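All remarks here apply to the structure that follows.
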Amino acid sequence: MPVEQLNDFYQANSLKVELKGDAPKVEKVDVSLRGFKTMYQTLIPSCK
């Protein structure tokens with residue numbers, strides 16, 4: 001996650017994602033970002 005974009009993710013409610021697989025069908029989903037800041041801050045130390 002680029003540090004420059006963290007604040008945008010912290011303030012957002014959801015993220016729209018397009019899932020593409022081997023089939024020609026594309027599925028669109030909304031992913032909740034509720035709790036993202038807490039989750040990110042908890043996980044980031046383990047990535048260093």
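Residue numbers (UniProt numbering): 1 to 48.
The beta-carbon is built from N, C-alpha and C at its ideal position, and this holds for glycine as well.
It should be emphasised that the depicted structure is a prediction, and the values quoted were computed from it without experimental measurement.
Where residue i sits in the DSSP three-state scheme
i, result
"residue 22", "coil"
"residue 45", "helix"
"residue 1", "coil"
Alpha-carbon spacing of residue i relative to residue j, whole angstroms
i, j, result
"residue 8", "residue 25", "30 angstroms"
"residue 44", "residue 6", "12 angstroms"
Neighbourhood of residue i by C-beta distance below 7 angstroms, restricted to the same chain and skipping five residues each side
i, result
"residue 18", "26 and 28"
Residue i - partner residues in DSSP beta bridges
i, result
"residue 29", "17"
Residues of its chain near residue i, where Cβ-Cβ distance is below 6 angstroms and the 5 sequence neighbours each way are ignored
i, result
"residue 32", "14"
"residue 36", "9"
Selection from the options that minimises the alpha carbon distance to residue i
i, options, result
"residue 39", "2, 30 and 10", "10"
"residue 30", "16, 3 and 20", "16"
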